[in-house]
Every structure is written in C-alpha cells, then in structure tokens.
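Residues -18 to -1, 1 to 218, numbered by mature numbering (1 follows the signal peptide of the UniProt record, and there is no 0), are exactly what the sequence shown covers, in order. Think of the CB as a built atom: it goes at the ideal place given N, C-alpha and C, for glycine as much as any other residue. The next block holds one structure in the form of structure tokens; read it before the comments.
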Amino acid sequence: MDLHITILTLTVVLSTSAEFKHEAFEYVACSDTEEEYYIGYDEEEGGHVDFKQKRGVSTLPDFMESRTFPGFYEIGVDAMVGCKHDLPIQIENFKNLSQEMDAPQTSVYPKDDVQLGVQNTLICHVTAFYPPSVNISWTKNNVHVSEGMSLSLYRPRTDLTFNIFSTLKFIPAEGDIYSCTVNHKALQGQPQTKIWDVDVALPSVGSAVFCGVGLTFGLLGVAVGMFFLIKGHNCN
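Rendered as structure tokens:
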C-alpha cells in the first residue's frame, strides 16, 4: 500500500511537568486507493474508522466508562476529503525530493503457548520503518499461504517511524516451518525473512529418572542412618 500523504498530529496534554507528559495524536493517511484514520493516546489506539464498513470503531478497553465517539466516522470522512484534495499537490511537491528511509526490523512469535493440533496465531511484528509502505507475505513449508492471514493498520511511533502487525492462524504440527517475508524500499530489493518452526517441548523422561534416582538414594541414606543409630544404641 503506497500512502502518498501521511499527516501525524501530536497534541501534548497534562504536560505540567516532564514526569507526567502525555500525548494524544490523530493519524491521517491516504493514497489513490487507501484510507486510514485513527486517534490515540500515549501510543495506544483509541479508535479508528473502518471506511469499508462506514463506521467508527472504538478500541478502548472494556473498563473505560465511555467507549463511543459520536460523529467519529463523519470526522474521518472529512479528514479523507482534505487528504485526497491535497494529494496531487503533495505528490508533485515531493516527486523529486530524495526521501530518507528506515529499514524495518522484523520478529515472528506465536500468540499463545504452542500445543500440537491446537489452533494458534503467528504474529509477524514489523517495526521502525519509514516510509509507511510495506509488503508482508507468509509461507508454510516453503509454500505461499494467504488463508487465515490478516494485516493491521500502520501504527506511528514517537520517532516518526511505523509499526505494523501481520497475523496468520495455524494449527501446529511437528516439523512444520513458517516464514514471514517483508519487502520495503529501504531493503533495496533484498526482502527480510524470519523463520519460525514448530518446536513443542515434550515432557522430559530424564528429569523423572533423575528425581527417581535421587529419591532412591535419599531413602537409602535414611535407612543407613537409622541402622547406625540403632547399632549405636545397642552398643550403649
């Protein structure tokens, strides 16, 4: 996804001292075909607009008193109108500028503890990249897979680079190997791939044997001790 305009507005609130500084932000991004709008607080998303479903989506935790944003979808639509209006001008202004880029850092890990045959989710976390245009793909045993895959919105960081998550639902089977491949302009045509294989720790018989031997020697030691105690008592 090529986001040709990205507008990140940071508003400092409750900044009476550096110790209690907080930031609320509004994120607007658009291209010819893509639209993103969300708001947040201290790098945590508070809500975003689903333009396909034409609704605002609150992502505040359940314990918050208010989980609705009246008119949130309409605010997002207005933001997109302004973004799309400025798109041709911004493309022309930045067409010939050399753009600084930051290469992504990628990690892959399961959402839950892995159990063979139990559905789980692999998470591919791509972070610290700029600009916010990245392609992510998955393979299972060297075969491309897309079923069960999902992609998050771009998430801005305080250093003005971006995060994004791709997830893949899967059922662990011993010996399976998964990979997440990331392609970004800063990688200069050399995609970044992270491998994750199903490696479930089985109960170790060694520890059980060790405990059994230890218990045997422990009981033997007690028996020997009792023998000498009785013999000493008889000698007296």
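Practice task
Look at the alpha carbon of Thr175 and the alpha carbon of Pro52, and state the distance between them as a whole number of angstroms.
Solution key: In the sequence shown, the residue the question calls residue 175 occupies position 193. In the sequence shown, the residue the question calls residue 52 occupies position 70. Distance between the alpha carbons of Thr175 and Pro52: 42 Å.
Problem - Boundaries (first-last residue) of the beta strand (DSSP E) holding Val180 - result: Within the sequence shown, residue 180 is the residue found at index 198, counting from 1. Note, Val180: premise wrong, no beta strand (DSSP E); not H, not E.
Exercise for the section: Starting from the Cα of Gln87, find the closest Cα among Asn165, Leu104 and Ala155 and give me that residue. Expected result: The residue given as residue 87 occupies position 105 in the sequence shown. Ranked by how close their Cα comes to the Cα of Gln87, the residues Asn165, Leu104 and Ala155 have Asn165 in first place.
Practice task
Could you tell me the boundaries of the beta strand (DSSP E) in which Thr15 lies?
Solution key: One-based indexing of the sequence shown puts residue 15 at position 33. First-last for Thr15: undefined, no H or E at that position.
Practice task
Find out if the Cβ-Cβ distance for the pair Glu18, Leu98 is shorter than 9 Å.
Solution key: Along the sequence shown, read from residue 1 onward, the residue named residue 18 stands at position 36. Along the sequence shown, read from residue 1 onward, the residue named residue 98 stands at position 116. No. Outside cutoff.
Exercise for the section: Could you name the residues that DSSP lists as bridge partners for Arg137? Expected result: Sequence index remark: in the sequence shown, residue 137 carries index 155 (1-based). BP columns for Arg137 point to Asn145.
Practice task
May I have the straight-line CA-CA distance separating Ile29 from Lys151, to the nearest angstrom?
Solution key: Numbered from its first residue, the sequence shown carries residue 29 at position 47. Numbered from its first residue, the sequence shown carries residue 151 at position 169. Note that residue 29 is Gly in the sequence shown, not Ile. Computed Cα separation, rounded: 24 Å.
Problem - Cα-Cα separation, Arg139 to Asn124 - result: Working through the sequence shown from its first residue, we reach residue 139 at position 157. Working through the sequence shown from its first residue, we reach residue 124 at position 142. Between Arg139 and Asn124, the C-alpha separation is close to 33 Å.
Exercise for the section: State yes or no: is the C-beta of Ser161 within less than 9 Å of the C-beta of Ile105? Expected result: For the purposes of this step, residue 161 is identified with residue 179 of the sequence shown, where counting begins at 1. For the purposes of this step, residue 105 is identified with residue 123 of the sequence shown, where counting begins at 1. No; because the gap between Cβ atoms is not below 9 Å, this pair is not in contact.
Handout entry: Closest Cα partner of Thr143 within the set Gly130, Met131, Asp158 and Val116
Key = Numbered from 1 along the sequence shown, position 161 holds the residue referred to as residue 143. The option with the nearest alpha carbon to Thr143 is Val116.
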